[in-house]
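A.B. asks: Going by this note's numbering, the sequence shown opens with residue 250, and the numbers climb by one from there.
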Amino acid sequence: MAKAEEKREHVGLKKELGLFSAVSVIVAVMIGSGIFVSPSSALARSGSVGLSLIVWTVSGFLSLLGALAFAELSAMVPRSGAEYAYFLEAFVPLHSYFGQLPAFICAWIFIFVLRPAEVAVITLTFAEYFVQPFIPYFGHIEPESWHQVKKLVAIMTLGLMVYINMTSVKLYVRMQNIFMIFKIGACMLVIVGGIWWLATGHTELLNEPFKDSTTSPGQIALAFYSGLWAYDGWSASAVVAEEVQHPEINILRSILIAVPIVTVLYVSMNLMYMSVLTKAEMISAPAVVVVWAAKVLPSWMSFVIPLGVAVSTFGCGLSVQFGVTREINVSSPNVIYGCRT
250 MAKAEEKREH VGLKKELGLF SAVSVIVAVM IGSGIFVSPS SALARSGSVG LSLIVWTVSG
310 FLSLLGALAF AELSAMVPRS GAEYAYFLEA FVPLHSYFGQ LPAFICAWIF IFVLRPAEVA
370 VITLTFAEYF VQPFIPYFGH IEPESWHQVK KLVAIMTLGL MVYINMTSVK LYVRMQNIFM
430 IFKIGACMLV IVGGIWWLAT GHTELLNEPF KDSTTSPGQI ALAFYSGLWA YDGWSASAVV
490 AEEVQHPEIN ILRSILIAVP IVTVLYVSMN LMYMSVLTKA EMISAPAVVV VWAAKVLPSW
550 MSFVIPLGVA VSTFGCGLSV QFGVTREINV SSPNVIYGCR T
């Protein structure tokens, strides 16, 4: 009996995430569909190209500070679960029962509200952009039927994500690393296309970068809210801390690599969007990158952008689902039984 108990105490998650994979997890969660579909919120609130780019840059820096705080916490509390683990460590010593309440509430919100809703939106967004390139070839299908097709694709996508995550961590890591490369490739396509656009002399939209800048503190605060929301996901490596090899080193390194990469990509992509599209076009566009591509890319590449958004979205959903399974694993004694074991 004693041996069985000892064996159970030593059962844990395998350390299968190296530095590259830890970086991949962070990049995957941070870069979803937002930067491709609706990056114009900060521009609408700030009022000008220049102030909007400042908001994106400062938001990236603030996200890096938050991520570094999590790196320090993960070194002090080397367990998966991020916020849940930190709440337990902070409040349980204060009271053996009520001290568990903050962690308990945190786990319930993440597991039963935030993450399921997030994955649902991600799979529906994936279906929207995965199906889009095929619609012109099936003109006889009614729009209502396409809605049903998209829902079916979303359900199948969710099933595929579950299959990958339940099969093995190694399969997840391989798939995520591949998706990260394609995701960064899609971002680079926008950046290179924008550089080509500027190099051909189309700089008129950037001549007065701070024209119409807002001076309202409320609007500036909302612009930062939009920017910081886009950077959400920087805590991803802390959520899976137990599976990161040499976490005391690699979690910090992964953050120092991933967050600046995402910041550079976000600022560069917004600059390229705003060099091609007017403020009104960006704000009114249902999908900014699609409108941008129609002006910059040749027509034969029209399918690349929707599929790029779909790949980016799938990788994001895969990592969000991977992270929430770890939150369930770590918090299950507290969430299910209402006590810490």
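Virtual Cβ for every residue (Gly too), placed ideally from N, Cα, C.
1. Between which two residues does the alpha helix (DSSP H) containing Thr512 stretch?
2. Whole angstroms is fine: what's the gap from Ser287's alpha carbon to Ser323's?
3. Can you tell me where the alpha helix (DSSP H) with Ser312 in it begins and where it stops?
4. Roughly how many angstroms lie between the CA atoms of Asn426 and Met521, to the nearest whole one?
5. According to DSSP, is Leu343 helix, strand or coil?
6. Considering only residues of the segment 346-427, which uninterrupted alpha helix (DSSP H) runs meet the minimum length of 4 residues and lie entirely inside it, listed in chain order?
7. Can you tell me whether Trp445 is buried or exposed, with buried defined as 16 or more other CB within 10 angstroms of its CB?
8. Around the C-beta of Gly591, are 16 or more other C-beta atoms found within 10 angstroms, so that it is buried, or is it exposed?
9. Report buried or exposed for Ala490, applying the criterion of at least 16 other Cβ atoms within 10 angstroms of its Cβ.
10. Just how far apart, CA to CA, sit Ser417 and Leu567?
11. Figure out for me which residue from His451, Ile510, Val422, Ser297 has the closest Cα to the Cα of Met437.
12. From this set, Leu454, Ser551, Tyr515, which residue's C-alpha is nearest Phe310's C-alpha?
13. Quick check: the Cα distance between Ala318 and Lys460, rounded to an integer number of angstroms?
14. Shortest alpha-carbon distance to Val380 belongs to which of Ser394, Lys399, Glu391, Ile371?
15. Could you name the residues of the same chain whose beta carbon sits closer than 8 Å to that of Leu343, not counting the 5 residues immediately before and after it, in chain order?
16. Out of curiosity, what's the CA-to-CA distance linking Val553 and Val545?
17. Report the rounded CA-to-CA distance for Arg502 versus Gly388, giving the unit in angstroms.
18. Is the segment 282-302 touching the segment 493-508 in the sense that three or more CB pairs, one from each, lie closer than 8 Å?
19. Just to confirm before moving on: does the CB-CB distance between Ala485 and Val274 stay below 7 Å?
20. I think Val558 touches Val537, with their Cβ atoms under 8 Å apart; what is that distance to the nearest whole Å?
21. Measuring only from the beta carbon, is Thr527 closer than 6 Å to any heavy atom that is part of the ligand FAD?
22. Mind checking which residues open and close the alpha helix (DSSP H) that includes Leu477?
23. Throw me the rounded Cβ distance for the Leu454 and Thr527 pair, which I believe falls under 8 Å.
24. Does Leu363 pass the burial test, meaning 16 or more other C-beta atoms within 10 Å, or should it be called exposed?
25. Does the beta-carbon of Val422 have 16 or more other beta-carbons within 10 angstroms, so that it is buried, or is it exposed?
26. Determine the burial state of Pro555: buried for a count of at least 16 other Cβ atoms within 10 Å of its Cβ, exposed for fewer.
27. Considering just the uninterrupted stretch of the alpha helix (DSSP H) at Gly283, what are its terminal residues?
28. Does Asn499 get closer than 7 Å to chain B when you measure Cβ to Cβ?
29. Can you give the Cα-Cα distance for Phe375 and Val326, rounded to whole angstroms?
30. Rounded to a whole number of angstroms, what is the C-alpha to C-alpha distance between Ala331 and Val488?
31. Do Ile284 and Met550 count as a contact pair if the criterion is CB distance below 7 Å?
32. In its own chain, which residues sit with a C-beta less than 7 Å from the C-beta of Tyr333, not counting the 5 before and 5 after it?
33. For Glu530, report the span of its alpha helix (DSSP H) as first-last.
34. Ordered along the chain, which non-local residues of its own chain (more than five positions away) have a Cβ less than 6 Å from that of Thr406?
C.D. replies: A quick look at the data gives this:
1. As a first step, residue 512 must be located in the sequence shown, where it is residue number 263. Thr512 -> alpha helix (DSSP H) spans 496-525.
2. Residue mapping note: residue 287 aligns to position 38 of the sequence shown, counting from 1. Residue mapping note: residue 323 aligns to position 74 of the sequence shown, counting from 1. If you draw a straight line from the Cα of Ser287 to the Cα of Ser323, it is about 32 Å long.
3. For the purposes of this step, residue 312 is taken as residue 63 along the sequence shown, with counting starting at 1. Looking at the DSSP string, the run of the alpha helix (DSSP H) that includes Ser312 is 298-325.
4. Position 177 of the sequence shown, counting from 1, holds the residue named residue 426. Position 272 of the sequence shown, counting from 1, holds the residue named residue 521. Going by the C-alpha atoms only, they are around 26 Å apart.
5. Translated into positions along the sequence shown, residue 343 becomes position 94. Coil at Leu343, not helix or strand.
6. Look at the segment 346-427 and you find these whole runs of alpha helix (DSSP H), each 4 residues long or longer: 350-358, 364-380, 392-416.
7. Residue 445 sits at position 196 when you count from the first residue of the sequence shown. It is exposed - the Cβ of Trp445 has fewer than 16 other Cβ atoms within 10 Å.
8. No information on residue 591 is available, as it lies outside the stretch 250 to 590 that the chain covers here.
9. To locate residue 490, count along the sequence shown from 1; it is residue 241. Around the beta-carbon of Ala490, 16 or more other beta-carbon atoms lie within 10 Å, marking it buried.
10. The residue you call residue 417 lines up with position 168 of the sequence shown. The residue you call residue 567 lines up with position 318 of the sequence shown. When rounded, the distance between both Cα atoms is 13 Å.
11. Taking the first residue of the sequence shown as 1, we reach residue 437 at position 188. When each option's Cα is compared against that of Met437, the closest is Ile510.
12. For the purposes of this step, residue 310 is identified with residue 61 of the sequence shown, where counting begins at 1. Checking every option, the nearest Cα to that of Phe310 belongs to Tyr515.
13. As a working mapping, residue 318 is identified with position 69 in the sequence shown. As a working mapping, residue 460 is identified with position 211 in the sequence shown. Cα to Cα, the separation comes out at about 36 Å.
14. Start at 1 with the first residue of the sequence shown, and residue 380 comes out as number 131. Nearest option by C-alpha distance: Lys399.
15. Position 94 of the sequence shown holds residue 343. Within its own chain, no residue has a Cβ closer than 8 Å to the Cβ of Leu343 once the five positions on either side in sequence are excluded.
16. The residue you call residue 553 lines up with position 304 of the sequence shown. The residue you call residue 545 lines up with position 296 of the sequence shown. If I take the Cα positions, the gap works out to 13 Å.
17. Here the question's residue 502 lines up with position 253 in the sequence shown. Here the question's residue 388 lines up with position 139 in the sequence shown. C-alpha separation (whole angstroms): 50 Å.
18. Output reads no: the segment 282-302 does not touch the segment 493-508.
19. By 1-based counting over the sequence shown, the position of residue 485 is 236. By 1-based counting over the sequence shown, the position of residue 274 is 25. Their beta carbons are under 7 Å apart, which means Ala485 touches Val274 by this criterion.
20. Here residue 558 refers to the residue found at position 309 of the sequence shown. Here residue 537 refers to the residue found at position 288 of the sequence shown. Rounded, the Cβ-Cβ distance is 11 Å, inconsistent with contact.
21. The model on display carries no ligand, and the ligand FAD is accordingly not part of it.
22. Translated into positions along the sequence shown, residue 477 becomes position 228. Taken as a continuous stretch (DSSP letters only), the alpha helix (DSSP H) holding Leu477 covers 466-479.
23. Here the question's residue 454 lines up with position 205 in the sequence shown. Here the question's residue 527 lines up with position 278 in the sequence shown. About 7 Å; that satisfies the 8 Å criterion.
24. As a first step, residue 363 must be located in the sequence shown, where it is residue number 114. By the 10 Å Cβ count, Leu363 comes out exposed.
25. Locating residue 422 in the sequence shown gives position 173, counting from the first residue. Buried, by the Cβ-count rule.
26. Start at 1 with the first residue of the sequence shown, and residue 555 comes out as number 306. Of the residues assessed, Pro555 falls on the buried side of the cut-off, its CB having 16 or more other CB atoms within 10 angstroms.
27. Sequence index remark: in the sequence shown, residue 283 carries index 34 (1-based). Gly283 -> alpha helix (DSSP H) spans 283-286.
28. Chain labels in this structure do not include chain B; a single protein chain is all it has.
29. Translated into the one-based positions of the sequence shown, residue 375 becomes position 126. Translated into the one-based positions of the sequence shown, residue 326 becomes position 77. Val326 has its alpha-carbon roughly 35 Å from the corresponding atom of Phe375.
30. Mapped onto the sequence shown, residue 331 falls at position 82. Mapped onto the sequence shown, residue 488 falls at position 239. When rounded, the distance between both Cα atoms is 5 Å.
31. Within the sequence shown, numbered from 1, the residue matching residue 550 stands at position 301. Within the sequence shown, numbered from 1, the residue matching residue 284 stands at position 35. Against a cut-off of 7 Å, the Cβ pair of Ile284 and Met550 comes out as no contact.
32. The residue labelled residue 333 in the question sits at position 84 within the sequence shown. The residues are Ala352, Cys355, Ala356, Glu576, Val579, Ser580.
33. Position 281 of the sequence shown, counting from 1, holds the residue named residue 530. For Glu530, the enclosing alpha helix (DSSP H) begins and ends at 528-533.
34. Residue numbering aside, residue 406 sits at position 157 when the sequence shown is read from its first letter. Cβ within range, chain order: Thr372, Phe375.
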